[in-house]
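*Asks:* In order, the protein sequences belong to chains A and B.
So in my numbering the end of the first sequence lands on 316, straight run, no missing numbers.
So in my numbering the end of the second sequence lands on 535, straight run, no missing numbers.
Note that beta-carbon positions come from the ideal geometry of N, C-alpha and C, so glycine has one too.
Remember, predicted model here, so these are calculated numbers, not experimental data.
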Amino acid sequence: METGPDIRSALQDQIYIWRIRLELWWGNFKNFLRELSAHPLAMVGGVVLVLYLLSALFADQITVHNPIQGNLRLRHIAPVWQAGDWTYPLGTDSQGRDLLTRIVYGARISLIVGFLSVGISVIVGVLLGTLAGYFGGRFDSLVSRLADLLLAFPFLIFAIGVMAFLGPGFTNLILALTFKGWVEFFRLVRGEMLAEKTKEYVEAARVTGQGHLAIIMKEILPNIIQSVFVLGTLRMGYMIITEASLSFLGLGLPPNIPAWGSMVATGRDSILVAWWVSTFPGLAILFLVMAINLFGEGLRDILDPRLKLEG
Amino acid sequence: MRSIKILERVLATIPIMFGVAIIVFFFIRLTPGDPVDIMMGQGGAISAGELDRLREEFHLNEPLHIQLWYFLRDAARGDLGYSYVLKQPVTSLIAERLPATIELAVGALLFSLVIALPIGVISAVRQNSWLDRLSMSTAFLGISMPGFWLGIILILLFSVQLRWLPVQGRISLGTGFQERTGYFVLDSLLTGNFAALKSSLLHLVLPSITLGAPVAAVIARVLRSSMLETLRSDYVTLARSKGVAESWVVIKHALRNAMIPTITVVGLQVGILLGGNMVIETVFGWPGLGRMVVKAIFDRDFPLIQGTVMIYAFTFVMANLIVDVLYTYLNPRIRMQ
């Protein structure tokens, strides 16, 4: 067995490399946490976001009521400080369902829609942006034209248009949000690719004989990914508001699913007798989106100060 | 040089308009199944005779590229199809609702500028003062708030509780209002009807605030940050050291240059105005384009949806064109080339 020591030392090399990588990552992460602690508002945003995530994950354990089945005899019970009934802390809606329960379940919808729509947009946008920016050529001009065309549509109008023809439903909702959502990530990554690929470190990698895939994955993308992450966080709040707007108009998910937007919409009909039915789901959206935006703006200040205010 | 740049920019919008029309054309292909069958399913709003006309109008029996050709040809002629639910050409339906939508958009834009310009300037000049912190927190609230919810809260507060402002619609009954142009504020002025003027203005307040709030928030934030930049620039320092009065420095030197990036952002916000329009018109029962589309969606009135989405996109493209032209005028670096 002559190859034995070779394999062993190769393995040891790999372990050694990974140990250094892990230490670097851990160091970076600790640095990041230290910088984050200098941004108290971003910390607040992060903590609120985690609370939302936890309540969405453990909705079944937190709540005792049924989010979909109501009891009409219990309709329009006021919040606890008006009615004094702790069974329904935020009151009940026009079908006698506990509002807090529905809001907690609604967090699931908003967060899943937010993560999925941003996630898919990121994957599509980064993939196309990398190919277009790195290789250029006909593919680049084709996708760039398509991106320009999609930018001619206001986001919400486009999503409404797509939903109008696809019809309501979860998959359709994600499709409607991502059909145009990838464009911003595409433009970001394409631009960065164009700028990075002429730099010396890429040239150096090329001279050492690395292939395109290795250069893109190992050299360039790690330098870009932070900007993508920041933009993704900042876009998530917008996606959540867009989903809520679609649900409000009745174009999002089927009406029996507790989505915050449709909860606000149904509460509108009983606004004269029960102000709380519309008010609290809207507050839930507001706090979540604020938390995400605070966290995102903090991230931007730490990771990528170049990305400027654009709303 | 400048006029060539502007001409180039104007010509560049033509292929974009075409592309927009093509994308809208493909929207209807997204429907699962036969669009005509789906339209038929809407409670018999469409008769059997119309069904054939409808198939013919969409040219559904022709190959796809022929369908696209007909669609583009008709659109270029200004024919956006026929609404079988409302029994009217789409173009005339849009023309009918457009004044209401424009009136609301103008109200919203005015509101946002009146709020955002002074706030952006003062926050930058008095950076880190309590006023700056308060306005920037409010602006942050503004970009994080869903518009439809803000509208409902405002109705709850100002219409239901305080009874200061009307809940819905564009004008109260019994003002003796006569419609002429479709712009109610203008019509009231033209007919000298001050009761109607007051009523139409009061009806505009809440929808304009709701629609304009996120726009105001974005403008204030961008203006503040670009003002902070210009206030630190060399030419401002020079103007100050020459002894130019501080208010003049702020307005003439800092604000003027800070407006350049701000204008671009205002152009992008037109997209928010247009998109928010569907939602806000629904909240306030405002009889404009947005409410018409939302109703058309539930009626499965495909030609009407197609036509209106196209008009929205065209408006957005035009708004960005205007912004680019303005930008060329405002930016001395481009002007001097």
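(1) Are any of the Cβ atoms in chain B nearer than 8 Å to that of L308 (chain A)?
(2) Using a Cβ-Cβ cut-off of less than 9 Å, list which residues of the stretch 335-350 of chain B approach chain A; keep chain order.
(3) What is the DSSP secondary structure of S281 (chain B), reduced to helix, strand or coil?
(4) CA-CA distance, I417 (chain B) and E206 (chain B)?
(5) Hey, could you find the ends of the alpha helix (DSSP H) R207 (chain B) is sitting in?
(6) Exposed or buried, what is A443 (chain B) when buried is set at 16 or more other beta-carbons lying within 10 Å of its beta-carbon?
(7) Using only CA atoms, which one of B:G372, B:M516, B:G380 and B:G340 lies nearest to I313 (chain B)?
(8) Check for me: the alpha helix (DSSP H) holding K328 (chain B) runs from which residue to which?
(9) Contact criterion: CB-CB distance below 8 Å. Does T460 (chain B) meet it with respect to chain A?
(10) What did DSSP end up calling D497 (chain B) once you bin it into helix, strand or coil?
(11) Counting only Cβ-Cβ distances shorter than 7 Å, please list the residues of the stretch 209-227 of chain B near chain A, keeping chain order.
(12) Please classify E315 (chain A): is it buried, with 16 or more other beta-carbons within 10 angstroms of its beta-carbon, or exposed?
(13) Just curious, the alpha helix (DSSP H) that P412 (chain B) is in, first and last residue?
(14) Does the Cβ of F496 (chain B) have 16 or more other Cβ atoms within 10 Å, making it buried, or fewer, making it exposed?
(15) Can you name the residues of chain A whose CB is closer than 9 Å to the CB of Y525 (chain B)?
(16) My assumption, with CB atoms under 8 Å, is that V194 (chain A) sits in contact with I229 (chain A). Please give the rounded CB distance.
(17) For G474 (chain B), which residues of its own chain have a beta-carbon under 6 Å away from its beta-carbon, when the five flanking residues on both sides are left out?
(18) Nearest chain A C-beta to R200 (chain B) closer than 8 Å, yes or no?
(19) Spell out the partners DSSP gives D103 (chain A) in its beta bridges.
(20) DSSP beta-bridge partners for P227 (chain A)?
(21) Between which two residues does the alpha helix (DSSP H) carrying N177 (chain A) extend?
(22) Can you name the residues that DSSP bridges to Q286 (chain B)?
(23) Quick check on L318 (chain B): does DSSP put it in helix, strand or coil?
(24) Considering only residues of the same chain and omitting the five flanking positions on each side of N529 (chain B), which have a CB-CB separation below 7 Å?
(25) Excluding the 5 residues preceding and the 5 following L116 (chain A) in the sequence, name in chain order all residues of the same chain whose CB lies nearer than 6 Å to its CB.
(26) Counting only beta-carbon atoms, is V148 (chain A) nearer than 8 Å to chain B?
(27) Using a Cβ-Cβ distance under 8 Å, would I300 (chain B) count as near chain A?
(28) Kindly indicate which three-state DSSP category I509 (chain B) falls into: helix, strand or coil?
(29) Output needed for W362 (chain B): all residues of its chain with C-beta closer than 8 Å, excluding positions within five of it in sequence on either side, in chain order.
(30) Helix or strand or just coil, what does DSSP make of A15 (chain A)?
(31) Pick from A:V129, A:L251 and A:G216: whose alpha carbon is nearest that of L171 (chain A)?
(32) If you measure from the beta carbon of V521 (chain B) to each beta carbon in chain A, is any gap under 8 Å?
(33) At which residues does the alpha helix (DSSP H) containing N298 (chain A) begin and terminate?
(34) Would you kindly work out how many angstroms separate the C-alpha atoms of F574 (chain B) and K285 (chain B), rounded to a whole number?
(35) Does any residue of chain A bring its CB to less than 8 Å from the CB of I292 (chain B)?
(36) Sort A:I307, A:G142, A:T284 and A:L239 by Cα distance to W265 (chain A) and report the nearest one.
*Replies:* Let's see:
(1) no
(2) F338, L339, I341, S342, M343, P344, G345, F346, W347, L348 and I350
(3) strand
(4) 28 Å
(5) R200 to F225
(6) exposed
(7) B:G340
(8) The residue asked about is misnamed: residue 328 (chain B) is Trp in this sequence, not Lys. Unbroken alpha helix (DSSP H) run through W328 (chain B): W328 to S342.
(9) no
(10) coil
(11) I214, G217, V218, I221, F225 and I226
(12) The predicted model places E315 (chain A) with a pLDDT of 41, which falls under 50 and marks its position as unreliable, so this point remains unresolved.
(13) F392 to L429
(14) exposed
(15) Correct list: empty, because the minimum Cβ distance to chain A is about 15 Å.
(16) 6 Å
(17) G345 and L409
(18) no
(19) A:T97
(20) P227 (chain A) pairs with nothing; no bridge assigned.
(21) F175 to E201
(22) B:S281
(23) The sequence shown places Gly at residue 318 (chain B), rather than the Leu named in the question. DSSP places G318 (chain B) in helix when its eight states are reduced to three.
(24) I458
(25) A61
(26) no
(27) no
(28) helix
(29) F356
(30) helix
(31) A:L251
(32) no
(33) W281 to L308
(34) What is shown of chain B runs 199 to 535, which leaves residue 574 (chain B) out entirely.
(35) no
(36) A:T284
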